[in-house]
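Notes to accompany the following structure.
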Amino acid sequence: MSAHPAPATPQSLIRPEVLALSAYHVADASGMVKLDAMENPYPLPEGLAAELGALLGAAPINRYPAADAQALKDAIRRALDVPAGCDILLGNGSDEIIQLLAMAVARPGAVLASIDPTFVMFRMIATFTGMRYASCPLRADFSLDLDAVLRMLEAERPALVFLPTPNNPTGNPFARADIERIAAATPGLLVVDEAYYAFGDSSFLDLPARLPNVLVMRTFSKLGMAGLRLGFLVGAPAWLAELDKLRLPYNVNVLTQVAATRLLDSYDALAAQAATLRADRSKLADALRAIPGTEVFPSDANFLLFRIPRAAALFDGLAARGVLVKNVSRAHPLLADCLRVTVGTPAENVRFVAALREAVADLG
Ligand code: PMP
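Per my numbering, the very first residue in the sequence shown carries number 5; after that it's consecutive.
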């Protein structure tokens, strides 16, 4: 009788590319001024919290959620200019939509492409789904090098391209003409990721109705609903019908559907908070620029990227003073000595700048 094979271990069984990954890192923010994750710092608008409490209390959590979440999709259409001929696909955060898109096109050898530096989940999800990741570096000022992107598209022939505008962690938006050139040169799908649309002037929601290989992805995470986990994709019904087959049933839970539907009917109140953050962003940029040696990059998002000598030590100095920002200085060579700070309430912003000044003085 042959001996039983040795039982599987994680090392023997899990794919090597997964073993090599580090899990998406979330810093412990307990007790800190939390300016690391682009959350909206404001509580729900007056009266809405109580109203939501009643709505959520009455929500039928003993039942599976509405599978098509039609009421929520209708609320999105009432709040935003989704073109009439386009459909909406909902995700448990836009992270889930990135994964759905990758799963749909991940044939052996297929390429997922983006720019560099950008949101890390594009690369991670390429790995999750067995796709090869290709990226095109931005210029040193984080602008798009269109010719380099077009060359990359030609060389790599990606099935799926993600272009976030404004970009994370750099904050700058890209030009419509460049996006349209990229769409025309992309052999697969171009997904314009407008996670930060609420804090700038551009909207590309019109593109999917005009360009056959473009989809637009957004999230409500930055607009005060990060905890609800809700992102959406806008595009031609023919694309979304295929993607919908890969969506796990009931991916948007009952409480999220009820809460987001109600909140979107108060969209103006959420947009007003975004407008406040946008105005405070320029005050924060001015305060940062007043610190000698600091370079602040232009931002159309609810965060600022800035370069400051000894950034890693200053990140620690800020943390020691109870302020959590994101240290991106080792994420990419173009980000050397860069930190990213989310725009908070005026009091949080003042506290952050004071802590940074102290930390700078401490380093001498
Ligand atoms: N796209 C970009 C560019 C982001 O920065 C983020 C969040 N940081 C996301 C997508 C994902 O957002 P969520 O899953 O919360 O919708």
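Yeah, the Cβ is synthetic: ideal placement off N, Cα and C, and Gly gets one too.
Nearest to G134 by CA position, among P112, L194, R155 and M221, is which residue? That would be P112, whose Cα lies nearest to the Cα of G134.
Cα separation between G192 and R266? Using only the alpha carbons, I get a separation of about 36 Å.
DSSP-derived helix/strand/coil call for D85: D85 falls in the coil class under three-state DSSP.
Would you kindly work out how many angstroms separate the C-alpha atoms of A70 and G95, rounded to a whole number? Straight-line Cα distance between these residues: approximately 14 Å.
Other residues of its chain near S270: CB distance less than 8 Å, five sequence neighbours each side excluded: P49 and L52, listed in sequence order.
Would you call the CB atoms of E362 and R325 closer than 8 Å? Against a cut-off of 8 Å, the Cβ pair of R325 and E362 comes out as a contact.
Quiz: which residues have CB nearer than 5 Å to the ligand PMP non-hydrogen atoms: This criterion selects G97, S98, D99, F123, P168, N172, D197, A199, T223, S225 and G235.
Coarse secondary structure for Y271, derived from DSSP in three states: In the three-state reduction of the DSSP assignment, Y271 falls in the helix class.
Shortest alpha-carbon distance to L142 belongs to which of V115, A163, V165 and N171? Ranking the options by Cα distance to L142, first place goes to N171.
Helix, strand or coil: which one does DSSP assign to D197? The DSSP-derived three-state label of D197 is strand.
Among V124, Y200, L215 and L164, whose alpha-carbon lies nearest the alpha-carbon of R185? Out of V124, Y200, L215 and L164, L215 has the C-alpha closest to the C-alpha of R185.
Please say whether A323 and S333 have beta carbons closer to each other than 8 Å? No, they are not a contact pair.
Alpha-carbon spacing of A199 relative to D304, whole angstroms: Taking the straight line joining both Cα atoms gives about 11 Å.
Could you name the residues that DSSP lists as bridge partners for L343? According to DSSP, L343 shares a beta bridge with F310 and N331.
Rounded to the nearest angstrom, how far is the Cβ of G97 from that of S225, given a contact under 8 Å? Contact flag correct, Cβ pair sits at about 7 Å.
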